[in-house]
Amino acid sequence: MMIRFCFLLLLLAVAAAEDPYRFFNWNITYGDIYPLGLKQQGILINGQFPGPEIYAVTNDNLIINVFNNLPLPFLLSWNGVQQRRNSFQDGVYGTTCPIPPGKNYTYKLQVKDQIGSFFYFPSLDFHKAAGAFGAIKILSRPRIPVPFPDPADDFSLLIGDWLPFPQAVLINGRANATSFTVEQGKPYRLRISNVGLQNTLNFRIQGHTMKLVEVEGTHTVQTTYSSLDVHVGQSYSVLVTADQPPQDYYIAVSTRFTNKQLTTTAILHYANSQQSVSGPIPAGPTTQIDWSLQQARSIRTNLTASGPRPNPQGSYHYGLINLTKTFILESSAAQVQGKQRYAVNSVSFLPADTPLKLADYFKIDGVFQVGSIPDTPSGKPMYLDTSVMGADFRAFVEIVFQNHENIVQSWHIDGYSFRVVGMDGGVWTPASRSEYNLNDAVSRCTTQVYPKSWTAVYVALDNVGMWNVRSEFWARQYLGQQFYLRVYSPVESPRDEYPIPTNALLCGKAAPRHK
Numbered sequence: 000m001m002i003r004f005c006f007l008l009l010l011l012a013v014a015a016a017e018d019p020y021r022f023f024n025w026n027i028t029y030g031d032i033y034p035l036g037l038k039q040q041g042i043l044i045n046g047q048f049p050g051p052e053i054y055a056v057t058n059d060n061l062i063i064n065v066f067n068n069l070p071l072p073f074l075l076s077w078n079g080v081q082q083r084r085n086s087f088q089d090g091v092y093g094t095t096c097p098i099p100p101g102k103n104y105t106y107k108l109q110v111k112d113q114i115g116s117f118f119y120f121p122s123l124d125f126h127k128a129a130g131a132f133g134a135i136k137i138l139s140r141p142r143i144p145v146p147f148p149d150p151a152d153d154f155s156l157l158i159g160d161w162l163p164f165p166q167a168v169l170i171n172g173r174a175n176a177t178s179f180t181v182e183q184g185k186p187y188r189l190r191i192s193n194v195g196l197q198n199t200l201n202f203r204i205q206g207h208t209m210k211l212v213e214v215e216g217t218h219t220v221q222t223t224y225s226s227l228d229v230h231v232g233q234s235y236s237v238l239v240t241a242d243q244p245p246q247d248y249y250i251a252v253s254t255r256f257t258n259k260q261l262t263t264t265a266i267l268h269y270a271n272s273q274q275s276v277s278g279p280i281p282a283g284p285t286t287q288i289d290w291s292l293q294q295a296r297s298i299r300t301n302l303t304a305s306g307p308r309p310n311p312q313g314s315y316h317y318g319l320i321n322l323t324k325t326f327i328l329e330s331s332a333a334q335v336q337g338k339q340r341y342a343v344n345s346v347s348f349l350p351a352d353t354p355l356k357l358a359d360y361f362k363i364d365g366v367f368q369v370g371s372i373p374d375t376p377s378g379k380p381m382y383l384d385t386s387v388m389g390a391d392f393r394a395f396v397e398i399v400f401q402n403h404e405n406i407v408q409s410w411h412i413d414g415y416s417f418r419v420v421g422m423d424g425g426v427w428t429p430a431s432r433s434e435y436n437l438n439d440a441v442s443r444c445t446t447q448v449y450p451k452s453w454t455a456v457y458v459a460l461d462n463v464g465m466w467n468v469r470s471e472f473w474a475r476q477y478l479g480q481q482f483y484l485r486v487y488s489p490v491e492s493p494r495d496e497y498p499i500p501t502n503a504l505l506c507g508k509a510a511p512r513h514k
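Sequence positions in the sequence shown follow numbering that gives the first Met the number 0 and run 0 to 514.
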């Protein structure tokens, strides 16, 4: 009897120590939306556009039950939320079977050792252009100090281009129709995410400055800016103090690096406002690449702040670790078989009939081949393949994004944050390492590459799985500018990677397999 009693106490203690759970039931439907004031069809989550906000605390378990009531398959992915040891839940077609029409799937995520501002989005085809995206806030645990005072409120601003004609820029799903109420003298946190399809956007507030405090899970040096360039797929947190006379002020968002500038506005409304918004809409930066590049270089990690754990973020001395390997990723555009395609290292990604992660897990031949994309540019003409690049678990690698084109690019790596150690014009060479920031480079999951320029990042490959590396320009991603990074451990231990979920959907060549 005593043994049973002690065992029961042990079970209760384990249960009490488990991280909290948050449950969500989401219904995906078509419905009416009014982004430009006129009715059109969009993709709604629980009748909302944008979708519901996910609010969580470090280490929370998120149970998100998604019912697909669209007449076509559907998937959600989590931009910047690292699925530690769990790429089965990543929600892109290379890892996860789509949810069939009329069916549901329950995502089981843990925001393990994460804080910060992120967003989710639909990852199949061009669903992202129709809605079903939303904000993700991951707050620090109460006992972990945050390097700024508690704000009076915490607003999410999902900004993005809206490409179905007429083109426009939206803030939280609307053009020129959103308002945020503040009280004079109080500080407010604004979490700004560019959920658009291709355009860099500049964000600014009439008569106010912004203090940058966090970028995609990293507390930053608290630099003050009058405006911020937010590239596609990126997220920023700023503090804004309502320290101006009580009236309404423009929040302005406009496209950057485009022939025709598109601008939209929202309103920063003082609760005791005596005057409606007035005056000209605040102008964005007049200079182009140089201004944006200098701003990007000024964004650095706050080495005195704690991250999700009570140790300083700067205690991980990435600049003292020997590199294991260098990958050079070169983008290109060309016609293949008479159709426009985009590529990385001459390989334009061709989706397989089976998610690559499932083929890897079940050891199904003929779906993909590791090494089907080279580690460095090959100089070959562009060709189609299901491109998978191999990498070793626990390697510490350098990735160089080389851009020979005349556009600003944006790149994302699922499952990881990386240190943006350098960016500059021209062609990267080993001598470029002399310019690297090896002390306090910002850690993030999405980085820009300026025209005819390079960006270099350091990545600790500590997350086993099959991870999507993609252009955040959605047309380019859809037409081949992506690949999968297979981070592999020969041990195949559950300590390194979780087993396949018991509720995993099986499709393609994996459909007849038993879990």
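Cβ coordinates follow ideal geometry from the N, Cα and C atoms, glycine included.
Give me the Cβ distance between residue i and residue j, rounded to the nearest whole Å; I'm assuming they're in contact under 8 Å.
i      : j      : result
Gly90  : Glu215 : In fact, because the Cβ distance is near 18 Å, the residues do not count as touching under 8 Å.
Val237 : Leu189 : 5 Å
Phe73  : Ile98  : 5 Å
Leu196 : Asp160 : 6 Å
Tyr106 : Leu504 : In fact, because the Cβ distance is near 11 Å, the residues do not count as touching under 8 Å.
Leu157 : Pro49  : 5 Å
Thr219 : Thr300 : 6 Å
Val194 : Phe118 : 6 Å
Val490 : Ala390 : Rounded, the Cβ-Cβ distance is 15 Å, inconsistent with contact.
Could you check if residue i is buried or exposed, using at least 16 other CB atoms within 10 Å of its CB as the buried criterion?
i      : result
Arg340 : buried
Val343 : buried
Pro498 : exposed
Ser433 : exposed
Tyr415 : buried
Leu537 : With the chain running from 0 to 514 in the structure shown, residue 537 is simply not present.
Phe482 : buried
Ile135 : buried
Leu286 : Note on identity: in this sequence residue 286 is Thr, with Leu being the wrong assignment. It counts as exposed.
Phe22  : exposed
Tyr20  : exposed
Ser234 : buried
Lys127 : buried
Glu17  : exposed
His207 : buried
Gly133 : buried
Gly184 : exposed
Val458 : buried
Leu71  : exposed
Ser275 : exposed
Pro165 : exposed
Confirm, please, whether the CB-CB distance from residue j to residue i is below 8 Å.
i      : j      : result
Val463 : Phe392 : yes
Ala265 : Thr177 : yes
Lys111 : Arg83  : yes
Gly232 : Asn78  : yes
Ala241 : Glu182 : yes
Gly130 : Gly46  : no
Met465 : Leu355 : yes
Tyr449 : Leu292 : yes
Pro500 : Phe87  : yes
Ser386 : Ile406 : no
Arg203 : Gly278 : no
Ile298 : Val426 : no
Pro146 : Pro186 : no
Gln109 : Asn60  : yes
Trp410 : Thr353 : no
Tell me, which residues are paired with residue i by DSSP?
i      : result
Gly115 : Ile137
Leu169 : Gly159
Pro186 : Thr240
Lys210 : Thr223, Leu238
Met465 : Arg485
Asn193 : Ile158
Thr534 : Lying before the first or after the last residue shown, residue 534 is absent from the chain, which here runs from 0 to 514.
Ser178 : Ile266
Phe147 : Its beta-bridge partners do not exist; DSSP assigns none.
Arg21  : Leu61
Val387 : Val369, Tyr483
Asp153 : Arg188
Val396 : Lys324, Val458
Ile204 : Ile250
Inside the region 295 to 351 only - alpha helix (DSSP H) runs reaching at least 4 residues: none
In chain order, each beta strand (DSSP E) run of at least 3 residues that lies wholly inside the region 232 to 300: 234 to 240, 247 to 254, 262 to 269
Those runs of the beta strand (DSSP E) which lie wholly inside the region 398 to 460 and span at least 3 residues: 408 to 412, 417 to 424, 445 to 448, 452 to 459
Start-end ranges of the beta strand (DSSP E) lying completely within the region 54 to 124, minimum 3 residues: 60 to 67, 75 to 78, 103 to 109, 115 to 121
Every unbroken beta strand (DSSP E) within the region 25 to 51, with a cutoff of 3 residues, ordered by chain: 39 to 44
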